[in-house]
Structures are given as C-alpha cells and as structure tokens.
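For reference, the structure discussed in these notes is given below.
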Amino acid sequence: MDLIAIFGAVVFFAGVLASIALHEVGHMVPAKLFDVRVTQYMVGFGKTLWSRKRGETEYGIKWIPFGGYVRMIGMFPPARDGRLRRSSTGPFQTLVEEARSASAEETAPGQEHRLFYTKKWWQKLIIMSGGPLMNVFLAIILFGVVLMGFGTFVPKPVVSMVPDCVIPASEGQRKCTDRDPVSPAKQAGFKQGDEIVAFNGSPVASWAAISAHIRDSDAGAVTITVERDGTRRDLRADLIATDRPNPDNPTRTERVGYLGISPKMVHERQGPIAVFGEMGRITALTVQAMAHIPDRMVGVAQAAFGGERAQDSPMSIIGASRVAGEIATLEIPVSSRIAGFIQWLAALNLFVALFNFIPLLPLDGGHIAGALYEGLRRAIARLLKRPDPGYVDVARALPIAYAVASVLVVMGVLLIYADIVNPVRLPG
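Here our numbering runs 155 ahead of the position in the sequence shown, where the first position is 1.
Spelled out as structure tokens, the structure:
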C-alpha cells in the first residue's frame, strides 16, 4: 500500500509539473504571436538541470521544481526622462532602477519594437492572462474527463436510509443512545425506497430541491408526499433544528432543519452543464479559501510545531501530492480512485489560475492590472482629447512585488515543513 501511495504522489507531482509547464506555454505562445522576444522558457527555479536553445529561446528544466517562468525582454519601460539608472539614494527607487537596467540589458539594437512594454495594452493583457487561462482550460478538461467520462454519484429523491436517532454533526459517527431524540423521519414513518415527489404540496424532482426545502424549514411540521409501492401518501413530519455539515464545505457546520433521511446514490455520466456547474462551485469555494489564507496560515504555523492540522488547511505541492497518494490507496474501485485523482489535479489547476489573477506583482494579476489600467487611462485621454499618457510604469510597484514575493516564500517554506511533519490527511 505504501508503494501505491508513493506512486500516486509521484504521478500527481508530475501532473503538477506538466500544469506548470503548460501555464508558461500560455504566456509564451501569445508573446511570440505578438512578436515579443522570449529569451527563456524554464520549468523550475535555481540551477539549470537541462536546457536546449532553439532559435532565440532557451528551453530548460531547473533543479527546484516549484514553479516556472518565461523571460521576455522589455518587461519594464524606462523612466520618464528616458534614463536608466542602476542605483540611487532611495532603497525602493534602487530596486526599480535596477529592474529597468536589467530589462534594458536584454534589448538588442534594432529590437526595440519587440519590447514587451511597447505592445498594445490588449496584447499585454492577453500575454499575461494566457498562463492562468491555460490552467482554467486544463481544469475544464480534467473536470470534463471525470464528470462526462467516469461519471459521478448523483443523489436521487429516493430514501436509502432512515436513522433511528439524531446525532449532532460535532459528535461524528456513533451509535444511538437513550439520550438521543428519535429522528423525525422515523417518527413520521419513512421507509427505505420511498420516492419523494412533493414538499408541502410543491412538486420536487431532485434531491437538491428536497434537501433545500428541509434545511430552510428550520423546525416545525411539514407534509412530504412519497410514492411507495405505486401509491402516493402524505407523511407528516416535525422537523427539528440541529447542526449539520455545510453541503458546500463539509468541514463546517450550520444550524438547519433536519428530517433524517439519506438519498439513494446513482452513478451517472454528466453533461457539459454539470462540468461548468462544478467549476462554478469549486471556484466559489476556492475564492472563499483564498480570502481566509492569512488566518489559516496561523493554524498551519501552530500545526507545524505540535498543534492539530485542520482539514481545510492550505497545502503545498508536497501536501497535495501526499493527499493524491492517499487517494490512490483508498479501498474503492480503481476507476473511482483515478477519477478522484484527476479531480484533485483539476481543483489544483483552478486554484493556481485564481491565485495568479490576484492583482499584485509578482503574480500575473499585477501585470494584468497594469495593462487594464493603461487601456483605461488611454481611453479616457482620447475621450477628453488629451495627449497620450504613455505606458503604465509597472516597475514602480516592484517594492510591493518584492514584499509579496518574500511573504510567498515564507508561506511556501512553512507549508512544506508542515506538510512533512503534520500533513493533512483524508477523513477516515
């Protein structure tokens, strides 16, 4: 089993590297299309493990496999006076001028038209959006393979189980005791195989609909129509309010109405609509998770030095690969393991895309924001018949970029350490 876990982790890690490589292809292809000179295409960081030059571009692999980059000439425009100073008295200004100098040193005579900053704002937007959009495309393809190829279990409005009692979600799975209240479903007379067709007189055609009705009802008497042995009958149930897992985030609970029935699960292949629905659901969860990264990193720091690691804790590529290894060892059909494996890689690609859209350098979103601002500023100038304001000087944001990069490095090191000493594990 350990060998299977290692194999799964290695394969997933390779999939992540492939995703990184394709992310950079998403930048490089439009850059070359718009005649920006691309000098390097690298997967990884640090010393070069292997490289080969084709045309004007060096393609290679670095020793540290935690990212990649495409080097384009002329990423930053010169200062307004046209001079490129290597240093100055101000430490932040020094960073800016050194970056401009480094950018200028890569500019060969007669290649001025191939500088990145000289391109139209919409071309820069396409080039810098290409990487994250490649990850979005990969996520769509991978989710499509899972949902349309392998299929997924879909809950149907048919009762598969009626519990004897109500056990709070916080107490996990245990047997009923004399202190636990009888479940409303058992009191109402629900039986396995009952097909739910209406709630308080309103027809329902899916488990999602009946579940939403029950959860939103909080507590009180309701009438649920079921079809049993070809006959329809109304069952009166007294719902109670209790803590149940949030359907969009099972690690969290919420107080909702509770009946006490479980749906019948049917394995079905889905259509394109389901793929985009899943993309929307995962996107919403990812955005919520990203908004809570600062406070969750506190939990990661505590877990790294002996605390408990939360299930919804952020992970590094090491932790994600370890979870993939655990998926490979689950006691479920091989097809389900492969589907779970692919879905995990799809979710990671979606996270990489959304994270890179954050409008801060050195992330792609910083350059995207600069291109959009340049386009807006020039449009306003044309509208007001004012002189062209020129290129947006993204280099001025470099001090922020260095600060952000420092924070990301510290976070990355902490996550890797925590994933080694106290990793996130699958429930059960």
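Ideal Cβ placement from N, Cα and C applies to all residues, glycine included. Remember, it's a predicted structure, so these values are computed and weren't measured experimentally.
Separation of the CB atoms of Met-230 and Phe-271 is rounded to 5 Å, and the pair is thereby assigned contact status at 8 Å. Ranking Arg-269, Leu-302, Leu-177 by CA distance to the CA of Gly-432 puts Leu-302 first. Note on Met-316: under 16 other CB atoms within 10 angstroms of its CB, so exposed under the neighbour-count rule. Asn-401: member of the beta strand (DSSP E) spanning 386 to 401, first to last residue. With fewer than 16 neighbouring CB atoms inside 10 Å of its own CB, Gln-466 falls in the exposed class. In this structure, Gly-415 places its C-beta atom within 8 Å of the C-beta atom of Pro-318. Scanning Leu-581, Pro-554, Asn-504, Ala-552 for the CA closest to the CA of Gly-222 turns up Asn-504. Straight across, the Cα-Cα distance linking Ile-555 with Ile-575 is about 30 Å. When C-alpha distances from Gly-344 are compared across Glu-382, Asp-371, Ser-361, Lys-311, the shortest belongs to Glu-382. Secondary structure at Glu-350: strand, using DSSP grouped into helix, strand and coil. Counting the other Cβ atoms within 10 Å of the Cβ of Lys-274 gives 16 or more, which makes it buried.
Of the other Cβ atoms in all chains shown, 16 or more fall within 10 Å of the Cβ of Glu-529; this residue is therefore buried. Under the three-state reduction of DSSP, Gly-375 is assigned to strand. Taking all protein chains in view, the Cβ of Phe-162 is surrounded by fewer than 16 other Cβ atoms within 10 Å, so the residue is classified as exposed. In the structure shown, Pro-418 adopts extended strand secondary structure according to DSSP, grouped into three states. By the Cβ neighbour-count rule, Ser-174 is buried, with 16 or more other Cβ atoms within 10 Å of its own. In the DSSP annotation of this structure, the continuous segment of the beta strand (DSSP E) that includes Leu-204 starts and ends at 193 to 209. When DSSP states are grouped into helix, strand and coil, Met-470 belongs to the coil group. Collapsing the DSSP output to three states places Tyr-557 in a helix. Burial check for Glu-179: the Cβ neighbour count within 10 Å reaches 16 or more, so the residue is buried. Exclusion of the five residues before and after Ala-164 leaves Ser-476, Arg-477, Ala-479, Gly-480 as the residues of its chain whose Cβ lies within less than 7 Å of its Cβ. Taking a C-beta distance under 8 Å as the contact criterion, Phe-510 and Met-445 qualify as a contact pair. Taking Gly-306 as reference, the option from Asp-548, Ile-493, Phe-506 with the minimal CA-CA separation is Ile-493. Below 8 Å, too few C-beta pairs join the region 539 to 554 and the region 437 to 456 to call them touching: fewer than three.
Rounded to the nearest whole angstrom, the C-alpha separation of Gln-443 and Glu-423 is 29 Å.
Distance from Val-198 to Leu-172 at the Cβ level is roughly 6 Å; contact confirmed, criterion being Cβ atoms closer than 8 Å. Here Val-300 has Ile-497 as same chain residues with Cβ atoms under 7 Å from its own Cβ, once five neighbours each way along the sequence are excluded. Under the DSSP assignment, Val-309 falls in the beta strand (DSSP E) whose first and last residues are 307 to 316.
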